[in-house]
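**Student:**
Residue numbers (the UniProt record's numbering): 1 to 634.
1. In chain order, what residues of the same chain lie with their CB nearer than 6 Å to the CB of residue 182, ignoring the 5 residues before and after it?
2. Hey, how far is the Cα of residue 579 from the Cα of residue 99?
3. So, do the segment 391-409 and the segment 264-273 have three or more beta carbon pairs nearer to each other than 8 Å?
4. Just how far apart, CA to CA, sit residue 295 and residue 525?
5. Counting pairs of Cβ atoms below 8 Å between the segment 350-358 and the segment 307-321, do you hit three or more?
6. Where residue 609 and residue 622 are concerned, what is the direct C-alpha to C-alpha distance, given to the nearest angstrom?
7. Can residue 444 and residue 420 be called in contact, C-beta distance under 8 Å?
8. State the DSSP-derived secondary structure class of residue 4, mapped to helix, strand or coil.
9. Give me the Cβ distance between residue 237 and residue 139, rounded to the nearest whole Å; I'm assuming they're in contact under 8 Å.
10. Quick one, which of 124, 613, 89 has its alpha-carbon nearest residue 284's?
11. Judging by CA-CA distance, which residue of 28, 41, 20 is the nearest neighbour of residue 65?
12. Round the Cβ separation of residue 365 and residue 410 to the nearest angstrom and send it over; I've been treating them as touching at under 8 Å.
13. So, residue 560 versus residue 547, is the Cβ gap smaller than 8 Å?
14. Report, in whole angstroms, the separation of the C-beta atoms of residue 104 and residue 134, which I expect to be a contact under 8 Å.
15. If you measure between the beta carbons of residue 92 and residue 306, is that distance less than 8 Å?
16. How far does the beta strand (DSSP E) with residue 307 in it reach, from first residue to last?
17. Kindly indicate which three-state DSSP category residue 327 falls into: helix, strand or coil?
18. Would the segment 54-72 and the segment 1-19 be scored as touching if the rule is three or more Cβ pairs under 8 Å?
19. Do the segment 175-192 and the segment 149-162 touch if we need at least three Cβ pairs shorter than 8 Å?
20. Identify whether residue 364 lies in helix, strand or coil by the three-state DSSP scheme.
21. Go ahead and label residue 202 buried or exposed: buried means 16 or more other beta carbons lie within 10 angstroms of its beta carbon, across all protein chains shown.
22. Go ahead and label residue 434 buried or exposed: buried means 16 or more other beta carbons lie within 10 angstroms of its beta carbon, across all protein chains shown.
23. Looking at the unbroken beta strand (DSSP E) that takes in residue 426, where does it start and where does it end?
24. Would you report the Cα separation of residue 538 and residue 453, rounded to the nearest angstrom?
25. Under a three-way DSSP split, which group does residue 291 fall into?
26. Residue 517: which of 297, 3, 292, 414 sits nearest, CA to CA?
27. Can you have a look at residue 254 and say buried or exposed, based on whether 16 or more other CB atoms are within 10 angstroms of its CB?
28. According to DSSP, is residue 245 helix, strand or coil?
29. Quick check: the Cα distance between residue 223 and residue 493, rounded to an integer number of angstroms?
30. Determine, using beta carbons only, whether residue 483 and residue 491 come nearer to each other than 8 Å.
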């Protein structure tokens with residue numbers, strides 16, 4: 001017996017033009033496409049060729065014109081400034097139209113680039129949508145990013161205008177953005193013509209005469225402008241992802257495929273309807289913030305939450321429950337690391353009991369592997385489905401998920417369930433031959449990629465092919481390793497470079513992390529392979545313990561070593577682990593395994609631009625020395 005998921009999945013692979021053509025009928029077009037899928041220039045596929053559309057119109061004006069003007073579109077909730085501000089669809093459209101007028105007044109036209117370097121405030125979303133309104137290509141850079149990294153993005157995108165704010169606010173400090181921005185422009189060979197600065201009350205930035213404009217002063221004089229029709233294949237944004245060569249890769253998103261895919265996902269994956277409150281607890285600097293704070297929920301007519309805070313410390317590990325309760329959130333999407341932090345500070349979930357979560361229906365996790373222990377803790381305490389799903393900056397939306405609006409499959413811990421319609425996921429060996437169920441190999445997606453995925457890299461078709469297409473001809477390389485079981489469930493075990501070779505045995509560090517995270521005292525963990533003269537590599541574990549654990553560290557280490565031996569076997573050669581206070585992470589919550597590995601292997605390393613707190617690397621060096629490994633600091 002088939003279900004809606006099976007029907008959709010088969011149709012999406014057998015007849016992608018019919019499947020996505022039907023989904024596109026749900027969007028507003030100025031001119032319908034000539035062809036749903038143009039495959040005349042392989043491997044550069046293009047969706048909805050000949051069609052004309054506007055992303056901002058689909059996000060805002062469409063809903064005002066169809067009776068949703070007075071519904072809340074965006075709720076800004078900032079525990080760090082003690083502010084809650086709500087915008088209806090009409091109010092948000094009017095603000096966006098005015099800021100589009102500000103940009104137009106500075107000579108910004110279709111195709112010009114605008115870099116947005118902002119904290120999590122409504123003005124960040126307003127600037128993104130204003131660019132989309134007039135066909136400017138936005139590139140959001142995470143607020144507070146180091147000047148050198150911002151400079152590389154300025155050099156690559158060559159923006160006409162920069163949009164920034166005077167500061168961002170972390171839990172215990174104010175980060176001044178303007179000096180970082182000025183230094184980045186100073187370093188860069190490309191100089192933007194204008195910088196528009198939003199002054200926040202807690203920090204007033206000094207403006208450079210002739211170059212810098214005050215946001216509020218510019219808005220006071222601005223004339224609103226309308227959306228302009230754009231080709232479906234015109235670029236909407238560039239989002240930089242760190243490249244292994246140190247040169248960031250500019251992932252491009254087009255207008256047409258992006259609107260169609262994201263609007264389709266809101267009901268079919270996340271099971272939300274127009275009028276529902278949807279919250280992606282991420283940042284607009286990341287792809288999740290683009291797809292599911294700003295664009296997806298607004299395309300669908302949902303109310304989206306823009307949250308300026310952290311899962312713990314603003315003020316405590318109950319802030320997520322307060323936001324869900326206060327705003328009636330139906331669906332939350334966040335990173336597993338957020339829940340591990342909450343679980344560490346409130347292991348028994350006592351703070352959850354203080355809030356009314358009756359509107360809350362589903363929790364989605366993504367960004368890194370969701371360990372079974374975190375999923376089980378969330379299920380037990382929240383009493384709602386907890387759905388792991390897998391996607392990447394490049395893909396723009398989920399490759400694999402339990403599609404909650406189509407068919408709810410039983411959850412298998414450690415799996416993001418099945419490939420989403422549109423994604424032909426396969427497992428291949430190094431010779432690009434498909435391998436059978438249960439065997440670990442490279443996870444790849446058969447071309448063409450569905451709408452909304454990257455069509456190329458910004459002004460770099462050659463690097464797009466080299467990075468994603470050349471290694472497995474006819475496929476997109478995800479750079480993740482894993483397997484597919486007999487029932488079609490996909491298991492993403494680790495990045496392909498996290499498969500370690502222990503005396504000739506290929507082992508997944510992700511599988512070992514799954515075992516460690518099952519220990520009742522472990523809040524989060526990381527396993528990586530370090531060089532070993534005898535075996536090539538051996539695994540080493542790093543454990544962060546839950547709050548209030550009194551058992552000796554030596555006992556906990558002995559127990560996790562035994563657990564790996566029992567579950568994976570002696571072949572894993574897992575004998576070494578150490579307890580650390582915290583793990584080095586990116587601002588989006590991903591553990592910086594590669595950096596830890598370089599420290600452990602005594603290799604030169606540079607402090608990653610995306611690191612949340614650089615001081616933690618010194619702690620890691622001490623921890624590694626305590627177990628007989630030591631790094632070379634740079």
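Glycine residues also receive a C-beta, built at the ideal position from the N, C-alpha and C atoms.
Since this is a predicted model, take the numbers as computed values, not measurements.
**Tutor:** Let's see:
1. none
2. 50 Å
3. yes
4. Distance between the alpha carbons of residue 295 and residue 525: 33 Å.
5. yes
6. 22 Å
7. no
8. In the three-state reduction of the DSSP assignment, residue 4 falls in the helix class, which pools H, G and I.
9. 6 Å
10. 124
11. 28
12. Wrong, their Cβ atoms sit about 17 Å apart, outside the cutoff.
13. no
14. 6 Å
15. Their beta carbons are not under 8 Å apart, which means residue 92 does not touch residue 306 by this criterion.
16. DSSP places residue 307 in the uninterrupted beta strand (DSSP E) bounded by 303-307.
17. helix
18. no
19. yes
20. strand
21. exposed
22. exposed
23. Taken as a continuous stretch (DSSP letters only), the beta strand (DSSP E) holding residue 426 covers 425-428.
24. Rounded to the nearest whole angstrom, the CA to CA distance from residue 538 to residue 453 is 37 Å.
25. helix
26. 414
27. buried
28. Note that residue 245 scores a pLDDT of 48, beneath 50, so its modelled location is shaky and nothing firm can be said.
29. 52 Å
30. yes
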